[in-house]
Amino acid sequence: MRKLSGEEFAVLPDSAAGEALAEALHGAVVLSYASGRPCLLAASPGEIVHAEAGHARLAVIGTCPVTAGRLRRMAARLGCLADADAVAAALPGSFHLVAVVGGQVRVQGTASGMRRVYYARAGGAVVASGRAAVPAALTRAAVDEQALAVRLLMAVPPALAEPLWEGVAMVPPGEAAHIDADGVRLRAWWRAPEPEVALEEGAPMVRAALEEAVAARIGEGAVVASDLSGGLDSTPVSFLAAAAAGERSAKLITFVLAIDDPEHDDPEWAARARAHLPGEHGVARPGDVPKWFAGAAEAVPGLDEPTRWLRALARELASSALLAGRGAAVRLTGHGGDEVTLLPDCYLHDLAHRHPAALWPHLREQRSRARWPLWACARALADRRPYAAWLADQADTLSAPLSRLRPDFGWEQPLRLPDWTSEAATDAVRRRLVTCTAEPYSPLRAQHQSLSSVRTIAASVDGVRVLTGRVGAPVHAPYLDDHVVAACLAVRLDQRALPGAYKPLTRAAMRPVMPAECLERTTKGEFSADIYQGLRRHRDQLLTLLDGSLLVERGLADAAALQRACVRTPAEGGPGVLALDVFIAAENWLRALLAYPTQEESCA
1 MRKLSGEEFA
11 VLPDSAAGEA
21 LAEALHGAVV
31 LSYASGRPCL
41 LAASPGEIVH
51 AEAGHARLAV
61 IGTCPVTAGR
71 LRRMAARLGC
81 LADADAVAAA
91 LPGSFHLVAV
101 VGGQVRVQGT
111 ASGMRRVYYA
121 RAGGAVVASG
131 RAAVPAALTR
141 AAVDEQALAV
151 RLLMAVPPAL
161 AEPLWEGVAM
171 VPPGEAAHID
181 ADGVRLRAWW
191 RAPEPEVALE
201 EGAPMVRAAL
211 EEAVAARIGE
221 GAVVASDLSG
231 GLDSTPVSFL
241 AAAAAGERSA
251 KLITFVLAID
261 DPEHDDPEWA
271 ARARAHLPGE
281 HGVARPGDVP
291 KWFAGAAEAV
301 PGLDEPTRWL
311 RALARELASS
321 ALLAGRGAAV
331 RLTGHGGDEV
341 TLLPDCYLHD
351 LAHRHPAALW
361 PHLREQRSRA
371 RWPLWACARA
381 LADRRPYAAW
391 LADQADTLSA
401 PLSRLRPDFG
411 WEQPLRLPDW
421 TSEAATDAVR
431 RRLVTCTAEP
441 YSPLRAQHQS
451 LSSVRTIAAS
461 VDGVRVLTGR
471 VGAPVHAPYL
481 DDHVVAACLA
491 VRLDQRALPG
501 AYKPLTRAAM
511 RPVMPAECLE
521 RTTKGEFSAD
531 IYQGLRRHRD
541 QLLTLLDGSL
551 LVERGLADAA
561 ALQRACVRTP
571 AEGGPGVLAL
581 DVFIAAENWL
591 RALLAYPTQE
601 ESCA
């Protein structure tokens, strides 16, 4: 028996077994089948928009400005579950969609991975939920040790990021689960677009999608907060939020987190933007919010998986609490902006094979900046390995040092494990890599890697959204809405990156709505000072996690190597800091499972 709570919901089949599971979950029935059996249960039914028309039903769970009346008209057009494709394509925001036609139900999350769907067979029926802990609790599942070992990679490709409970599966982003009394079937409803749209045509599409995503989170007369670092991710969101707030008699509060580093240029650029923005402008001084690593040893319930943002979680919670205290119900951020507007180096590989005439100016600039030898570039460009073969080859280099003097145009960022990983865990990761048969999201490496990066950060942002929501102003990332992701990925590779230009897509998209001086920035904030200050202040948190480490107990980490990692200070904010993030995330997640068992405690 497990009671749904928070944002949790469950989708069940039209069967006696599904009806029995509904009784065990004790949630409110939001949708029922024509038979009268429960279909969708939720802990907070008042936050779900739903409608029915004949034998069809629809429910939207999450951020979406749709009304029940519009949803009813959409439901009336459903002749089969596949017709729900059009519903997902038409609605803005970030949400789960549940569609019922007759005795079958379809449930899906987002293509970006911000909203995910997990499922398992329990008591003779398939149960699906937006939180992995629900099916895990119903099946009393144990932690999957190999899946946990894979999460120790410093960059985990979504293709390898399986649920961490045995017997629990995840619906791949962009696919939907069709559930009936016989079981579950997966069906794709979204594909990564081909990057064929010219910049001058794609920029207005990106702007319109981002405008819609921001507006979807601002209600009439509401108070909305927007992070404002001065960078080319959060600043566009702030200007679009100001416009939407003005149209809806809403109030905007921009939020700047002062940086305790005299060389940091975020404050200068944030000040430029504030001069053009209406509303209130809040500035949190360095002493107003916790340092990085504060509270990192405190078990964090409510996460489906380890999140690498725990070193900054106390700061995020404090910032959202400050904004909630000023009336804000939503906190907009620029998270995801880099992932959808910047290109990984492997775009050069795609240009070489698809548009060789466009390659040379791009390669010349990258070589001059990174000092890559020409022979190394030629070798990387000649690589034709398919995705599965590339993953398998990573098994041989999991402990190898990264070279900055040679280009890497692979399908993902090079896969590496922290040097404290045990040999047993390394072997488990190798086995997963050599047996993986995943297909890439696109035949183009840059498209695949961009979408992989989107889905990686989306998983973390969703966890932070849930946690910050508990203090009143949840973090929202409009760049990670499906319509924004699709609009950005549709623009040509050789125009999303231009020699001598920084974020040309963002500049072109926002030029009509932002002052020119706010689009001139070519730098990006560097936060090593925060890392070192946080470690000086909160090293005890690492040592607390190290004491009685569950990763060591499970044989996933070498005790001596882990201790060395926790007591030394990384020379720079690269692999050394990532290795600490991996440790904090995995160790905290395991401790939270002990403190808040899935069978007894809600995951949302």
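Quick note on numbering: the sequence shown equals residues 1 to 604 in the UniProt record's numbering. Note that CB positions come from ideal geometry on N, CA and C, so glycine has one too.
Beta-carbon proximity list for residue i, same chain, < 8 Å, skipping 5 on both sides
| i | result |
| --- | --- |
| L402 | P414, R416, P575 |
| E280 | K251, L252, I253, T254, R326 |
| V577 | I531, P570 |
| A490 | P193, E194, P195, E196, V197, G202, M205 |
| R492 | P195, E196, V197, A198, L199, G202 |
Among the options, nearest to residue i - alpha-carbon criterion
| i | options | result |
| --- | --- | --- |
| A544 | A529, F527, I531, Q563 | Before going on, a small fix: residue 544 reads as Thr here, not Ala. Ranking the options by Cα distance to T544, first place goes to Q563. |
| residue 608 | M114, D266, R2, H355 | No answer is possible for residue 608: the residues shown for the chain start at 1 and end at 604. |
| residue 609 | W420, R455, L593 | What is shown of the chain runs 1 to 604, which leaves residue 609 out entirely. |
| S238 | A89, S112, A225 | A225 |
| A425 | G548, D540, L556, L374 | L556 |
| R430 | R315, Q394, V143 | Q394 |
| D288 | A297, H264, D260 | D260 |
| A392 | H353, R364, D427, L97 | D427 |
| E439 | P474, R385, A120 | R385 |
| A147 | A128, R140, A161 | A161 |
| V582 | Y596, C566, L594 | C566 |
| A68 | G113, P373, E52, A56 | E52 |
| D266 | T523, Q541, E23 | T523 |
| P262 | D558, A529, R537, L594 | A529 |
Cβ-based neighbour list, residue i, same chain, cut-off 7 Å, excluding 5 preceding and 5 following
| i | result |
| --- | --- |
| A203 | L505, A508, A509 |
| S15 | A125, A181 |
| A241 | V214, I218, V224, S226, L252, L332 |
| G410 | C346, W390 |
| S460 | T307, R308, W309 |
| V100 | L31, Y33, C39, A56, R57 |
Whole-Å CB distance - residue i paired with residue j, under 8 Å assumed
| i | j | result |
| --- | --- | --- |
| L58 | A43 | Contact doesn't hold; Cβ gap of about 20 Å is too wide. |
| R496 | L343 | 5 Å |
| H483 | E212 | 7 Å |
| A208 | Y347 | Contact flag wrong, Cβ pair sits at about 24 Å. |
| G231 | G334 | 7 Å |
| L467 | V300 | 7 Å |
| V223 | A329 | 6 Å |
| K3 | L21 | Wrong, their Cβ atoms sit about 13 Å apart, outside the cutoff. |
| E412 | A155 | 7 Å |
| L81 | V49 | The Cβ separation is near 19 Å, so there is no contact. |
| R151 | E305 | 7 Å |
| A34 | G102 | 7 Å |
| V117 | G109 | 5 Å |
| P236 | L210 | 7 Å |
| V340 | C488 | 4 Å |
| R115 | D462 | 7 Å |
| W292 | A312 | 6 Å |
Per DSSP, the bridge partner or partners of residue i
| i | result |
| --- | --- |
| M170 | Y118 |
| L257 | A284 |
| A51 | L58 |
| H476 | L332 |
| K251 | V223 |
| V214 | In DSSP, V214 forms no bridge with anything. |
| V143 | W165 |
| S94 | T63 |
| S32 | P38 |
| A128 | V11, Y119 |
| R106 | A99, H178 |
| V491 | V197 |
Other residues of its chain near residue i: CB distance less than 6 Å, five sequence neighbours each side excluded
| i | result |
| --- | --- |
| E600 | Reliability fails at E600, whose pLDDT of 43 lies under 50, so the model's placement of it is uncertain and the value that follows must be treated cautiously. Within the same chain, E600 has no close Cβ partners at all. |
| R406 | A376 |
| P361 | P499 |
| C603 | Note that C603 scores a pLDDT of 37, beneath 50, so its modelled location is shaky; the value from the coordinates is reported in the next line. Cβ neighbours of C603 beyond the five flanking positions: R131, A133, G302. |
| L257 | A284 |
| L91 | C64, V66 |
| P157 | E412, S452 |
| P45 | A28, V30 |
| A17 | G123, G124, A125 |
heavy atom of the ligand SAH below 7 Å from residue i C-beta
| i | result |
| --- | --- |
| G576 | Looking for the ligand SAH in the displayed structure turns up nothing, as the structure carries no ligands at all. |
Cutoff 8 Å: residue i Cβ touching any chain B Cβ
| i | result |
| --- | --- |
| W190 | Reference to chain B is not applicable here, since this structure consists of a single protein chain. |
(request) At 3 residues or longer, and completely inside the region 172-208: list those beta strand (DSSP E) runs for me, N to C. (result) Counting only runs of 3 or more, we get 175-180, 183-188.
(message) Quick check for students: name the residue ranges of the alpha helix (DSSP H) that lie wholly in the region 497-574, counting only runs of 4 or more.
(response) 504-510, 528-546, 550-553, 559-567
(message) Please give me, in chain order, every unbroken run of the alpha helix (DSSP H) with length at least 4 that falls completely inside the region 379-425.
(response) 387-394
(request) Entirely within the region 298-346 and at least 3 residues each: give me those beta strand (DSSP E) ranges in chain order. (result) Complete beta strand (DSSP E) runs here, min 3: 330-332.
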